[in-house]
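Protein chains in written order, with my numbering: chain R, 1 to 304; chain E, 1001 to 1304; chain Z, 2001 to 2304; chain G, 3001 to 3304.
The next block holds one structure in the form of structure tokens; read it before the comments.
There are 4 protein chains.
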Amino acid sequence: MFGYFGPEGTFTHQALLTLVGDGAQARPYATVAAALAAVRAGEVEASVVPIENSVEGGVPATLDYLGAPDQDPVNIIGEVLVDVSFELAGRPGSTLADVRAIITHPHAAAQCRSWIGEHLPDAAVTERGSTAGAALEVARPDSPFDAAICAPVARELYGLVTLASDIGDLSDAVTRFVLVARPGHLPARTGHDKTTLTAYMRQDRPGALLEILQQLAVRGVNMCRIESRPTKTAMGSYCFSIDMEGHIDDARMAEALVGLRRVCQDVVFLGSYPRADDRPQSVPADGTDAEYAAANAWLAGLRP
Amino acid sequence: MFGYFGPEGTFTHQALLTLVGDGAQARPYATVAAALAAVRAGEVEASVVPIENSVEGGVPATLDYLGAPDQDPVNIIGEVLVDVSFELAGRPGSTLADVRAIITHPHAAAQCRSWIGEHLPDAAVTERGSTAGAALEVARPDSPFDAAICAPVARELYGLVTLASDIGDLSDAVTRFVLVARPGHLPARTGHDKTTLTAYMRQDRPGALLEILQQLAVRGVNMCRIESRPTKTAMGSYCFSIDMEGHIDDARMAEALVGLRRVCQDVVFLGSYPRADDRPQSVPADGTDAEYAAANAWLAGLRP
Amino acid sequence: MFGYFGPEGTFTHQALLTLVGDGAQARPYATVAAALAAVRAGEVEASVVPIENSVEGGVPATLDYLGAPDQDPVNIIGEVLVDVSFELAGRPGSTLADVRAIITHPHAAAQCRSWIGEHLPDAAVTERGSTAGAALEVARPDSPFDAAICAPVARELYGLVTLASDIGDLSDAVTRFVLVARPGHLPARTGHDKTTLTAYMRQDRPGALLEILQQLAVRGVNMCRIESRPTKTAMGSYCFSIDMEGHIDDARMAEALVGLRRVCQDVVFLGSYPRADDRPQSVPADGTDAEYAAANAWLAGLRP
Amino acid sequence: MFGYFGPEGTFTHQALLTLVGDGAQARPYATVAAALAAVRAGEVEASVVPIENSVEGGVPATLDYLGAPDQDPVNIIGEVLVDVSFELAGRPGSTLADVRAIITHPHAAAQCRSWIGEHLPDAAVTERGSTAGAALEVARPDSPFDAAICAPVARELYGLVTLASDIGDLSDAVTRFVLVARPGHLPARTGHDKTTLTAYMRQDRPGALLEILQQLAVRGVNMCRIESRPTKTAMGSYCFSIDMEGHIDDARMAEALVGLRRVCQDVVFLGSYPRADDRPQSVPADGTDAEYAAANAWLAGLRP
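Spelled out as structure tokens, the structure:
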């Protein structure tokens, strides 16, 4: 059984189908926190949640819940990128000309603002908690709303028809989703991996972020995402959610993790897993496992 | 005339009153973007918008709108910290025991979840676009909602009464608001200032963030906030919103700005302004204006 | 049997007596290179050579011979600091007023120039290969030289008398001597140790020295001496002789050595040994063995 | 009138002829210190001294004298590289087979050791203060020495004949000489320049060298030589003699000099001058004068 940030028909649902296949049993949760709490509680094997959108940025609920210290640990074991393609979906038989009242999620409304302004300048837009919930609402025969802005999967699921497709202002918006499980399921190294963690600075250590980046740089570890999040203790106190290229079983990554652990107040390890994109892994010539092995052999030979 | 992210009675409204005084004429805007667009359009002298919350983190709409390149520049000319103190407000005559239906903004609902669970476990919570809008709704005699979670200023404005005060889970949550104007109103240096900018990396320059932090470190400039934001062009492409201690008229800051401008693809300067908090300014002994002046005089003396 | 850079009566001889005791058998060699070659050849157990003087700087012959790559390795196993106190020594019965012709080593002449200028302005100074050789010359009854500038130990050895003592311009000059053996005699860690090596940069890697220093800094390893030496291949090609605080058995030093080995073209390890001075060891809080052990245990716990 | 480290016929003399032409009046001085003191005293317009040899390394006397703080400043205004080609020179009529006794400077003896061992294994080698002095000695008809190892210019000057040429073990040894004058003769920027200085660290500032290198790196200034020298105050107290690519009139160099002046206890500027070698100048794209000018113009535009 897998969990996800629902309801059915969201982009997260779509990500789940990609990550674990069509046949898997899946249970929607009303919030990101609930979907992740279900993992910690053992209700589900793993849950899918959104972590980052190429337009909106990091998803605070996910970053905060995953990175919280003093919690039972969970690990990311997979990721997938989903094109966020918005459709305007109506009840069968309706046409674009009929649309007066639209319902959707605020993010979707924001991303389709230009299209609406141009094609449906007089339509009223009402907000709902999810795009899938909006589609479900429109599917009710007596709904006051004429159309939903939603994902293709929701349109299909709730028996609506496409009135317009690909209506987002940025046609190439992408959301990244992660599959989160309890520890013990570390994916094997593929040579094309990512490692995620949340680092808490020691208080009042000026230049703490610089220090963290140097711990990575001297081991040849490349960082591919960093986001600051408030620690929620005081204004101006931050932790950092970080993605790095490489796997905990890469020598350079293992040494970098030890370095971060030493210089930080706390490090919440969130997993090593295969990357979803096809960017080439960047490993400097002096950062390969072979180089580490050679240098360690040299060190061993120096001792009697 | 000043603009702000309204409606009347929000914490932003409260921030405006603190920043520009009770007597100022103020106009609410429905979104952060609209409040800032009004500045660029010259409709208002300056606008107040939230930029950061100690629990929720940075406000994406503000960070993105302010930091967008290729726009007419705007500058932050002041900031204020407002305690985010939530109240449960009802119609006159009502009591806590009467409350079955609550309405509020999702952030406020999230921050008061524990209190509600303990004191009103059976109450239904409905979401509305702002806490002030929630208070206005409750003020309607025939409203289906019994109470709003809102700011004290909204409760007062809409003639409600306090059913419970300080009900947030984190009693010391704080939001930072900034006053934004067109360029030309740079506040004078006070010795206790902050400078804000958005830095765009050169593409495919590994270690670009490390390079930025080193540009600050070698000049003795301390960074007090950094947030990555997507550039909205592609997944994995980020810019950084940065607050630093000091004023553009401090020698170390001026030199650091030049350094950032050189190594970055673009830098959007967002102003130097007095800090609202009372943290001591941290200037290393070799980073004072006197040290810079002495070193520049030495350099001048080396030339014939 | 121990070797040293002789002849008898040099400061190096004095250092040998301090390092291995009065009773040890010792053989003088005419050059630093010969004294070290005797170690490599197995003629002696270990040799004592000067490595650094507080006035003259590093001793090139020692640095180059020890740091040469592609040689059988040798290790420093001890060090001692010797006050370089110069005396003017004459034949028994002579007095300061009799001195017209002085003989000594060029370094000694340089370091006593002010004293000679003031007290014996008309004396001629002739140079000889060592201060002990100068004392031996003066000890010959028919020597044309009236006095030698030499170490107290040479004056005593060759039966001369003190005409003036402590005549160096810098009364606190100190020379550091090292005891060098074949590998296999690594001194145990004392908690107050030094590690020495010679690092060869990869060619045409700009910022290679900066990279080396960062490898040390991120592990909390403090550098206490660095000297560049030509690699003798081309003008502008250098290697670096480096002393660091700590022992190869300190976790931070072991990791730093591996880091240097990776980023350098070659590293010639020259030993870990107790420090002769009494400066406190500087180990940052996050660089102790306990911190490394804790971080490694944490890392181990992350894997299934 | 120019001074140089003599006597006539040394490689320094040869460097002088290259730097200022054959017709210039030149006066030899017995030591490097005397040749430089003559500049400070105004006895000569400028002096030529050796600063670095590709085999022996830096010339301590030159580095220490030039870099001494609290002295009237002098500046390097030119440099030249001279191939150090050693000859075995004898009296006219003599042959290689006649050579039993050789005289030369210790450095020359060291650099020709292999050749002597192979071709004249039974010859005695005696040391003299300079190779030119050795040639002069051999030129005396009643000299006990049969041959001198010296420069071609000395052989010619003292009427000797070549018994063997190019006898150094490293056939491509090179010495770098500098022309030193009082301030006021700063050579114009050529785009292919070098800047030299001596930097004194602040005491007890761990990582001070790292800090210096970072001041250069963030401005895109490339370092081409660094040598530590004792400050002569205490064992373990060093200053650094540094050559950098670029001219004080390059924007990046001017800013780097100001940075070094701020973070160091003292900086002794020793001049900007055209480079003698033909290595390409390495200036990063963000370190050109044009980039600095553009960034400064941007900064100026930010202020009202």
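All residues carry an ideal CB built from backbone N, CA and C; glycine is no exception.
Shown here, Asp-1022(E) sits in coil according to DSSP, grouped into three states, outside any helix or strand. Interface annotation, Leu-3170(G): in contact with chain Z, CB-CB separation under 9 Å.
Within 7 Å of the CB of Tyr-3273(G), no CB atom of chain E is found; the nearest one sits about 13 Å away. Under the rule that a run must span 3 or more residues, the beta strand (DSSP E) segments found entirely inside the segment 1002-1055 of chain E read 1002-1005, 1026-1029, 1046-1053. For Leu-302(R), a Cβ of chain Z is located within less than 9 Å of the residue's own Cβ. Contact annotation, Tyr-3158(G) with Gly-3009(G): C-beta distance approximately 6 Å; criterion of less than 8 Å satisfied. With a beta-carbon spacing of about 5 Å, Arg-3202(G) and Gln-3265(G) fall inside the 8 Å limit used to define contacts. For the pair of segments examined, the segment 2123-2135 of chain Z was found not to touch the segment 2169-2182 of chain Z: the number of CB pairs separated by less than 8 Å stays below three.
Taking C-beta separations shorter than 6 Å and ignoring five residues to either side along the sequence, the partners of Pro-1073(E) in its chain run Pro-1183, following chain order.
With 16 or more neighbouring CB atoms inside 10 Å of its own CB, Leu-1270(E) falls in the buried class. Contact between the segment 267-286 of chain R and the segment 228-248 of chain R is present, with at least three C-beta pairs closer than 8 Å. What Val-263(R) touches in chain Z, judged by beta-carbon distance under 7 Å, is Asp-2286, going in chain order. Shown here for Ile-3102(G): same chain residues with a beta carbon closer than 6 Å to its own, the five before and five after excluded, namely Ala-3123, Val-3125, Ala-3147 in chain order.
Residues of the segment 2204-2223 of chain Z with a C-beta less than 8 Å from any C-beta of chain G: Pro-2206, Gly-2207, Leu-2209, Leu-2210, Leu-2213, Gln-2214, Ala-2217, Asn-2222, Met-2223, listed in chain order.
Inclusion of Tyr-1200(E) and Pro-1069(E) in the CB contact set at 9 Å is warranted, their separation being smaller than that value.
Annotation for Arg-176(R): the continuous beta strand (DSSP E) segment containing it runs 174-181. Setting aside the 5 residues that flank it on each side, Leu-66(R) is surrounded in the same chain by Leu-270, each with a C-beta closer than 6 Å to its C-beta; the list follows chain order. In the structure shown, Asn-1075(E) falls within a strand segment according to DSSP collapsed to helix, strand and coil.
For Leu-3081(G), the chain Z residues whose Cβ falls inside 9 Å of its Cβ are Met-2235, in order along the chain.
In this structure, Ala-1033(E) keeps its C-beta atom at 9 Å or more from the C-beta atom of Gly-1003(E). Val-153(R) and Glu-87(R) have their alpha carbons spaced roughly 10 Å apart. The residue among Gly-3133(G), Asp-3142(G), Pro-3141(G), Pro-3144(G) with its C-alpha nearest the C-alpha of Cys-3150(G) is Gly-3133(G).
By the rule that beta-carbons nearer than 9 Å mark a contact, Gly-184(R) touches chain Z. Our two residues, Thr-1196(E) and Ala-3295(G), have alpha carbons roughly 17 Å apart in a direct line. Ile-3077(G) has a beta carbon lying at 9 Å or more from every beta carbon in chain E. In the displayed model, Asp-98(R) falls within a helix according to three-state DSSP.
Ile-2242(Z) is bridged by DSSP to Leu-2197(Z), Ile-2226(Z). In the three-state reduction of the DSSP assignment, Ser-165(R) falls in the strand class.
Counting along the chain, the unbroken alpha helix (DSSP H) around Ser-3114(G) starts and ends at 3113-3119. In this structure, Arg-3262(G) and Tyr-3292(G) do not form a Cβ contact; the two beta carbons are roughly 18 Å apart against a cut-off of 8 Å.
Annotation: Asp-3266(G) is outside any alpha helix (DSSP H); the continuous beta strand (DSSP E) that includes it extends over 3266-3274. Taking the beta carbon of Phe-269(R) as reference, the chain Z residues within 7 Å of it are Leu-2302, listed in sequence order. Per DSSP, the beta-bridge partners of Ile-1149(E) are Leu-1088(E).
Taking every protein chain shown into account, the CB of Gln-2215(Z) has 16 or more other CB atoms within 10 angstroms, so this residue is buried. Interface with chain R (9 Å Cβ-Cβ cutoff): Ala-2294(Z) is included. By the Cβ-count criterion, Ala-256(R) is buried, with 16 or more other Cβ atoms from all chains shown falling within 10 Å of its own Cβ.
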